[in-house]
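Trainee: This is the structure, below, for whatever I ask next.
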Amino acid sequence: MVVKLTEMKRGETGILTSIDGGVGVTSRIQSMGLRLGKKIKKLESHFKNGPQTVLIDNFKVAIGFGMATKILVEVKRDETRQDSPHRKS
Amino acid sequence: MKLDKILLIGNPNVGKSAVFSRLTGAKVVISNYPGTTVEFTQGYTKIDSIRPAIIDIPGTYSLTPTSKVEEVAVKMLKDSDLIINIVDATNLERNLYLTLELLEKHIPVIVALNIWDETKHKGIEIDVKKLEKALGVPVVPTCGLTGEGIKDLVRAIPKAKAKRFAHSTDEEKWKHIGKIIEEVQRLHHRHHTLLEKLEDISIKPATGFPFAILVGFCAFWVIRLIGEGIITYLANPFFEKIWTPIVLKLSAFLGPENFLHDIILGKIILVEGQMEYSQTFGLITTGLYVPFAMVLPYIISFYFMLGILEDFGYLPRLAVLMDNFMHKLGLHGYAIIPMILGLGCNVPGALATRLLEGKREKFIAATLMAVAVPCMAQIAMIVGLVGERGGIYVTLVFLTLLTILIIKGVVLNIVMKGKSPEILVEIPPYRIPHLQSVLKKLWMRVFSFLKEAVPYVLIGIFVVNILYVLHIIDFFSRIFSPILHHVWGLPKEAIGALLIGFLRKDVAVGMLGPLNLTTKQLVIGSTVLAIYFPCIATFTILVKELGIKDMLKSAAIMITIALFVGGLLNLMLRF
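As they're listed, the protein sequences go chains A and B.
Per this note's numbering, the first sequence runs over residues 1 to 89.
Per this note's numbering, the second sequence runs over residues 1001 to 1575.
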């Protein structure tokens, strides 16, 4: 499923599928190495509406919250389990 | 091939300045955070019989600039004869984007694979020969910090040729890069190091804040320990035991109470056989005591600590932690960099506002810094002078400034149109600082203080004396006495400090010393001096950075705040 970067869980990995911003923002984000098709790991989310930190290849980037909502990531989640993550198998 | 100008270009924080310093022997500030270099620096190197200029420019991710810093970089490109593209070998893929852009420019390029030493620890294997073939230009592994590979880099310069890569779109470039990476790079798995664990601790919100407080506390403690240590064990004994006898002899030689005596030595005050160096106001008494015995010790200790934090890579993490808070002030987290640099000296702080994207953000950051971030010279004087009355009063001055910073930021954020842009910054890995580089950087900063500040201090003291002799200070004090007296509760003589504050803030704070102020007056005086206007050096830079119109706006805000806050303190304080 595709989620916003801000909706990713801590430690979750996904594939960057689209950047939903203007040309300027998109190319700025991409030139920093956050480009489409890259594997991206969410490290931290800083408080309510705070910056998001992610790991790509070997480097870490901090992205402001608003900008991060425009970054969409394909993650693998078991959707049947999502409502009750603590269910015993 | 014409070879007059060689440009060093690369992503931020890939070690351009370190390579520059190795190539030219020139001294430049090197740190571990993106945006250390905000101006270009020129130096010269020797290749066989020619001496081309080497130019170190701010880092950029692409040739489409997003801030003034990056603009500088792109502009420089046009008239260069050769480009040394510095590439972070531990982040090859991302760095190659700029490389491909450069290869389209039809200028000869050499690629320096910098930070090469770290690739081994990180389990990265790069086939240099294959990379060279794929790019069609010389590729040389280097390590700017240790100097490894720099000789090979110089030897490769004559081999550089302009490549004629056809113009390609973003997408095509990334595709091309993907292919290159697949061919030349292998990654090996490895375990987390201790430093990486520390990286996690210092940026996770739950542990990051306690860690930041701990770092702040330790930094404060170390700065004070070293600063006071130098004052108590080196500076004061020197002035007391060696300098005082010389001054007294000279005083006897010049004879009492004449013009020359007053300018060179000032009005000598002896308390229990010891000179009151901070009150005499002569060129070789106060004029040397203030910069060398009061300010320099703190300049040394502050820049030592800052150098360690910079090289370690801590500042960008602090920026991320502070991002939410800074948004309330109309800024984003990275604006703490100019603020922290401003604590050393407002001039580099003002220059560092170039790191910020928009005009609005620059204005807010520069104005906040100029008003509420006192430089280390001023801090040292406040600690020295107000500190005599009790640490609580020093705290009061700084808490007042912090409150102003917050309230002013919040107000500007509401009043000014637009909103703060968002942080987008790379967080560098932690690196153990090289003691040698830390000391080298410390020396450069101390030297620039000696070269640029000490003459101004002397000029300041000289001007004070002239102004007194010509009764100019009397003239101004009569004009401004209503404000000084009724609004701030200060004696009219304090105008001298405010006048000299335009020149040097440390001398200005020092001028409050001989006025026999009450503690309350001293607190108000020091606070007002910090707020009311930047010193001339900072003012000049701010005019350049903001433009004269915005600077005047900013100055009007400063004066208003000084009047208001000084008045408020006068009404509220009861001691």
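We put the CB at the ideal spot given by N, CA and C, even for glycine.
(1) Ignoring anything shorter than 3 residues or poking outside the stretch 1222-1270 of chain B, list the beta strand (DSSP E) runs there in chain order.
(2) For the alpha helix (DSSP H) holding residue 66 of chain A, just list the boundary residues, first then last.
(3) Between residue 1094 of chain B and chain A, is there a C-beta pair that is closer than 8 Å?
(4) Can you check which of these residues, B:1488, B:1295, B:1396, B:1059, is closest to residue 1532 of chain B by C-alpha distance?
(5) Which class does residue 1577 of chain B belong to by DSSP, given the choice of helix, strand or coil?
(6) Taking only beta-carbon positions, decide if residue 1154 of chain B is within less than 8 Å of chain A.
(7) My guess is that residue 1491 of chain B and residue 1515 of chain B are in contact by the Cβ rule of under 8 Å, so how many angstroms apart are they, rounded?
(8) To which residues does DSSP link residue 1497 of chain B through a beta bridge?
(9) Using beta carbons (cut-off 8 Å, strictly below), is residue 17 of chain A in contact with chain B?
(10) Look up residue 1020 of chain B in the DSSP assignment and say whether it is helix, strand or coil.
(11) Within 8 Å, do at least three Cβ pairs link the stretch 1499-1517 of chain B to the stretch 1274-1283 of chain B?
(12) May I have the straight-line CA-CA distance separating residue 1441 of chain B from residue 1030 of chain B, to the nearest angstrom?
(13) Identify every residue that forms a DSSP beta bridge with residue 45 of chain A.
(14) Could you tell me if the beta carbon of residue 1259 of chain B falls within a distance shorter than 7 Å of some heavy atom in the ligand FMN?
(15) Rounded to the nearest angstrom, what separates residue 1200 of chain B and residue 1539 of chain B at their Cα positions?
(16) For the alpha helix (DSSP H) holding residue 1280 of chain B, just list the boundary residues, first then last.
(17) Assuming the contact rule is C-beta atoms closer than 8 Å, residue 1529 of chain B and residue 1508 of chain B should be a hit. Round their C-beta distance to whole Å, please.
(18) DSSP state of residue 1041 of chain B, grouped into three classes?
(19) By the DSSP assignment, the beta strand (DSSP E) with residue 1428 of chain B in it spans what residues?
(20) What's the gap between the Cα of residue 1386 of chain B and the Cα of residue 53 of chain A?
(21) Please tell me whether residue 1087 of chain B and residue 1028 of chain B are closer than 8 Å, where the distance is taken between their beta carbons.
(22) Could you give the uninterrupted runs of the beta strand (DSSP E) lying entirely in the stretch 1370-1455 of chain B, keeping only those of 3 residues or more?
(23) Pick helix, strand or coil for residue 1164 of chain B, following the three-state DSSP scheme.
(24) From the beta carbon of residue 1516 of chain B, is the nearest beta carbon of chain A less than 8 Å away?
(25) At the 8 Å Cβ level, is residue 1207 of chain B part of the contact set with chain A, yes or no?
(26) Just the Cα atoms here: how many angstroms apart are residue 1553 of chain B and residue 1365 of chain B?
(27) Against residue 64 of chain A, what residues of chain D qualify as contacts under a CB-to-CB distance less than 8 Å, listed in chain order?
(28) With distances taken from CA atoms, which of B:1259, B:1349, B:1294 is nearest residue 1238 of chain B?
(29) Just reading off the alpha helix (DSSP H) that residue 1482 of chain B is part of, what are its end residues?
(30) So is residue 1122 of chain B in contact with chain A if we call contact Cβ pairs under 8 Å?
(31) Check whether the stretch 1402-1413 of chain B and the stretch 1316-1334 of chain B touch, using three or more Cβ-Cβ pairs below 8 Å as the test.
(32) Please report the straight-line C-alpha distance between residue 1203 of chain B and residue 1317 of chain B, rounded to a whole angstrom.
(33) Here's the rule I'm using: 16 or more other beta-carbon atoms within 10 Å means buried, otherwise exposed. How should residue 1 of chain A be labelled?
Mentor: On the basis of the coordinates in this document:
(1) none
(2) 65-69
(3) yes
(4) Closest option to residue 1532 of chain B, Cα to Cα, is B:1488.
(5) Residue 1577 of chain B is absent from the structure shown; chain B starts at 1001 and stops at 1575.
(6) no
(7) 6 Å
(8) DSSP output for residue 1497 of chain B lists no bridge partner at all.
(9) no
(10) helix
(11) yes
(12) 7 Å
(13) A:52.
(14) Absent from the structure shown: the ligand FMN. Ligands present: none.
(15) Those two C-alpha atoms are separated by around 40 Å.
(16) 1277-1280
(17) 5 Å
(18) strand
(19) Looking at the DSSP string, residue 1428 of chain B is not in any beta strand (DSSP E), and its letter there is neither H nor E.
(20) 43 Å
(21) Taking 8 Å as the Cβ cut-off, residue 1087 of chain B and residue 1028 of chain B do not qualify as a contacting pair.
(22) 1424-1427
(23) If DSSP states are grouped into helix, strand and coil, residue 1164 of chain B belongs with coil.
(24) no
(25) Not one chain A Cβ lies under 8 Å of residue 1207 of chain B.
(26) Rounded to whole angstroms, residue 1553 of chain B to residue 1365 of chain B spans 14 Å at the Cα level.
(27) Considering every chain present, this structure includes no chain D. Its protein chains are A and B.
(28) B:1294
(29) Element bounds for residue 1482 of chain B: 1472-1482.
(30) yes
(31) yes
(32) Across the structure, residue 1203 of chain B and residue 1317 of chain B are spaced so that their CA atoms are roughly 6 Å apart.
(33) exposed
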